[in-house]
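J.:
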Amino acid sequence: QSRIYRAGVLGHRPDVPVEPEALEAAAHRRMSRTAWAYVAGSAGRQRTAQANVDAFDRHRLVPRVLVDVEERDTSVELFGRRIPAPLLFAPVGVLETVHREADVAAARAARTLGLPFVVSSQGSVPMERTAAELGGSPHWFQLYWSKDDDVVDSFVERAVATGAEAVVVTLDTHVLGWRTRDLDLGYLPFARGLGIAQYTSDPAFRRLVERRAATPRSGGPAPRPTPAAVRALVSIARHHPGRLRDNLRSPLPRAAVETFLDVFSRSTLTWDDLARLRSRTSLPIVLKGVQDPRDAALALDHGVDGLVVSNHGGRQVDGAVASLDALPGVVERVDGRVPVLVDSGVRGGADVVKALALGARAVLVGRPWVYGLALAGADGARAVMEHVWAELDLTMALCGVRSIDEIGPGLLA
Ligand code: FNR
Numbered sequence: 008q009s010r011i012y013r014a015g016v017l018g019h020r021p022d023v024p025v026e027p028e029a030l031e032a033a034a035h036r037r038m039s040r041t042a043w044a045y046v047a048g049s050a051g052r053q054r055t056a057q058a059n060v061d062a063f064d065r066h067r068l069v070p071r072v073l074v075d076v077e078e079r080d081t082s083v084e085l086f087g088r089r090i091p092a093p094l095l096f097a098p099v100g101v102l103e104t105v106h107r108e109a110d111v112a113a114a115r116a117a118r119t120l121g122l123p124f125v126v127s128s129q130g131s132v133p134m135e136r137t138a139a140e141l142g143g144s145p146h147w148f149q150l151y152w153s154k155d156d157d158v159v160d161s162f163v164e165r166a167v168a169t170g171a172e173a174v175v176v177t178l179d180t181h182v183l184g185w186r187t188r189d190l191d192l193g194y195l196p197f198a199r200g201l202g203i204a205q206y207t208s209d210p211a212f213r214r215l216v217e218r219r220a221a222t223p224r225s226g227g228p229a230p231r232p233t234p235a236a237v238r239a240l241v242s243i244a245r246h247h248p249g250r251l252r253d254n255l256r257s258p259l260p261r262a263a264v265e266t267f268l269d270v271f272s273r274s275t276l277t278w279d280d281l282a283r284l285r286s287r288t289s290l291p292i293v294l295k296g297v298q299d300p301r302d303a304a305l306a307l308d309h310g311v312d313g314l315v316v317s318n319h320g321g322r323q324v325d326g327a328v329a330s331l332d333a334l335p336g337v338v339e340r341v342d343g344r345v346p347v348l349v350d351s352g353v354r355g356g357a358d359v360v361k362a363l364a365l366g367a368r369a370v371l372v373g374r375p376w377v378y379g380l381a382l383a384g385a386d387g388a389r390a391v392m393e394h395v396w397a398e399l400d401l402t403m404a405l406c407g408v409r410s411i412d413e414i415g416p417g418l419l420a
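Listed below in structure tokens is the structure:
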């Protein structure tokens, strides 16, 4: 943080706004209407998204004084690996709507900082390419559990081969939430073939597509496109000319998109299915999207290695409990047996301290770094995470805390 301050004293402006609201506003101005709706938008009337942020305001820190905090250490251990700060890049799909370099730029940002990157199942770039950009920097793979077992197995196999250090199974998206802003724009990115690069690059998935493409269509000619579909196409043409060209040139994408929509996620998934994943990989299995302590208990019964308390940034259940409010109950039930992480609503370093004080081992950050990416590519995403990290470090210093272990409930009013 001293580098950031010194640069400021010398009159250098940061790459992206430091103030979270200004960052968001700048990204709003820069992004296309559809990209903004997709990234900033949440489910329904956006109430849980708002509640996520508000929940942090209801907790207050009580700083201690006259502690020697000259030497500070923000590092923390997760699954046997020491990471420099309890901050992860949350898995975010469809980044091609935000920046041309998408996941590759985000991965470069994570690598520069040494913070773990969670590669999304909905990535815009095949995971192998993202992993190459990450080099040896830590990364986890986030799985949407496909309806097709072969696709699940293949994704996990590929993730292991890329050096992923954990598999994060996202459990809150077995059906897509009621995304009002996307719906109003006639924009469901997946239906437009965006964010499906993990699938189209996957051998098991390609076999499914080929099978479908070989099956003659029944039921006469394809239906006429709706006005909303035409608007979406125009938007893709404007923002992703390459993508449109690809779609028009090859007969496969339509079958690929349809196949994707068929197999994207399995709503019949239950606890027993986790055994299959366990039999396929020895990597730590982390469940993302847990909010109820009873589910935390079931997760422990099923030998899960970690949890992420999350409501997907309010994008799934409008009216779901704020993520930070769900955290203490889960932490209490888990009682230190596995690490509990949290996301949804983290906007700065002081938020991170509060989450850790309530028992989280680390936090995932979502939209803020995506806004940085929209504004300044890899440099922007890096700058945003650096700002969160710097504020975390300063807040620790100002609260009389020298290491992450020293952050506990005693720091809260
Ligand atoms: C997400 N999130 C998400 N989660 C996941 O497991 N797989 C994914 O592909 C995505 N994709 C995605 C796209 C976009 C545009 C957003 C904003 C979010 C959810 C993400 O990992 C995280 O849970 C939330 O973003 C956290 O909330 P905040 O930090 O955005 O408030």
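Counting in full-length UniProt numbering, the sequence shown runs without a single skipped number right up to 420 at its last residue.
Where is the CB? At the ideal position from N, CA and C, for every residue including glycine.
Everything numeric in this text was worked out from a predicted model, so none of it was measured.
1) In the DSSP assignment, what residue or residues form a beta bridge with Trp147?
2) Check Ala14 in the structure and name its three-state DSSP category.
3) Taking only three categories from DSSP, how would you classify Lys295?
4) Leaving out the 5 sequence neighbours to the left and right, which residues in its chain are closer than 8 Å to Ala62 when beta-carbon positions are compared?
5) Give the straight-line distance between the Cα atoms of Ser410 and Val83, rounded to the nearest whole angstrom.
6) DSSP puts Ala369 in a beta bridge; with which residues?
7) Can you tell which of Ile414, Leu290, Ala304, Trp152 has its C-alpha closest to the C-alpha of Val167?
8) Nearest CA to the CA of Leu401: which residue from His19, His66, Glu78, Leu365?
9) Using 8 Å as the cut-off, can you tell me whether the stretch 22-40 makes contact with the stretch 386-398, which would need three or more C-beta pairs spanning the two stretches below that distance?
10) Identify, in the order they occur along the chain, each residue of the same chain with its Cβ nearer than 7 Å to the Cβ of Leu276, setting aside the five sequence neighbours on each side.
11) Where does Phe162 fall in DSSP's three states?
12) DSSP three-state label for Gly313, please.
13) Counting pairs of beta carbons, one from the stretch 307-326 and one from the stretch 198-209, are three or more of them closer than 8 Å?
14) Give the DSSP bridge partners of Arg88, in chain order.
15) Give me the DSSP bridge partner(s) of Phe96.
16) Would you identify the three-state DSSP class for Arg20, choosing helix, strand or coil?
17) With respect to 7 Å, is the separation between the Cβ of His319 and the closest non-hydrogen atom of the ligand FNR below this value?
18) Touch check for the stretch 297-314 and the stretch 259-276: three-plus C-beta pairs under 8 Å?
19) Flag this pair as touching only if the stretch 125-141 and the stretch 277-288 have three or more C-beta atom pairs under 8 Å; answer yes or no.
20) Nearest by alpha-carbon distance to Trp185: which of Leu30, Tyr45, Val359, Ala364 is it?
21) Quick check: Pro98 and Gln149, are their CB atoms within less than 8 Å of each other?
22) Opposite Thr177 in the DSSP bridges: which residues?
23) Assign Pro210 to one of two classes, buried (16 or more other C-beta atoms within 10 Å of its C-beta) or exposed (fewer than that).
24) Quick check on the burial criterion: 16 or more other C-beta atoms within 10 angstroms. Buried or exposed for Thr222?
25) What would DSSP say about Asp412, mapped onto helix, strand or coil?
26) Quick one: complete alpha helix (DSSP H) runs, 4+ long, within the stretch 52-87?
27) Short of 7 Å in beta carbon distance, which residues of its chain neighbour Glu398, apart from the five on each side in sequence? Order them along the chain.
28) Taking the alpha helix (DSSP H) that Glu140 belongs to, which residues open and close that run?
29) Using C-beta distances below 7 Å, list every residue in its chain close to Pro27, excluding the 5 sequence neighbours before and after it, in chain order.
30) How many angstroms separate the CA atom of Gln129 from the CA atom of Ala32?
31) Looking at the secondary structure, which residues open and close the alpha helix (DSSP H) in which Arg40 lies?
32) I'd like the list of long-range same chain contacts for Pro196, defined as Cβ closer than 7 Å, with 5 residues on each side in sequence excluded.
33) Keeping to the same chain, check which residues put their C-beta closer than 7 Å to that of Ala34; ignore five residues upstream and five downstream.
T.: Taking the coordinates as given:
1) Val125
2) helix
3) strand
4) Ala329, Ser330, Leu331, Asp332, Gly352
5) 9 Å
6) Looking at the DSSP output, Ala369 bridges to Leu348.
7) Leu290
8) Glu78
9) Judged by pairs of C-beta atoms under 8 Å, the stretch 22-40 touches the stretch 386-398, as three or more such pairs exist.
10) Taken in chain order, the residues that qualify are Trp152, His181.
11) helix
12) strand
13) Between the stretch 307-326 and the stretch 198-209 there are fewer than three C-beta pairs closer than 8 Å, too few to call the two in contact.
14) DSSP lists Leu85 as partners of Arg88.
15) Paired residues: Phe124, Val372.
16) Arg20: coil per DSSP, three-state reduction.
17) yes
18) Judged by pairs of C-beta atoms under 8 Å, the stretch 297-314 does not touch the stretch 259-276, as fewer than three such pairs exist.
19) no
20) Measuring from the Cα of Trp185, the nearest candidate turns out to be Tyr45.
21) yes
22) Paired residues: Lys295.
23) By the 10 Å Cβ count, Pro210 comes out exposed.
24) Around the CB of Thr222, fewer than 16 other CB atoms lie within 10 Å, so the residue is classed as exposed.
25) helix
26) 54-64
27) Gly355, Gly356, Ala357
28) 134-141
29) Arg354, Gly355, Pro375
30) 25 Å
31) 40-47
32) Tyr45, Val101, Thr104, Gly202
33) Tyr378, Ala381, Leu382
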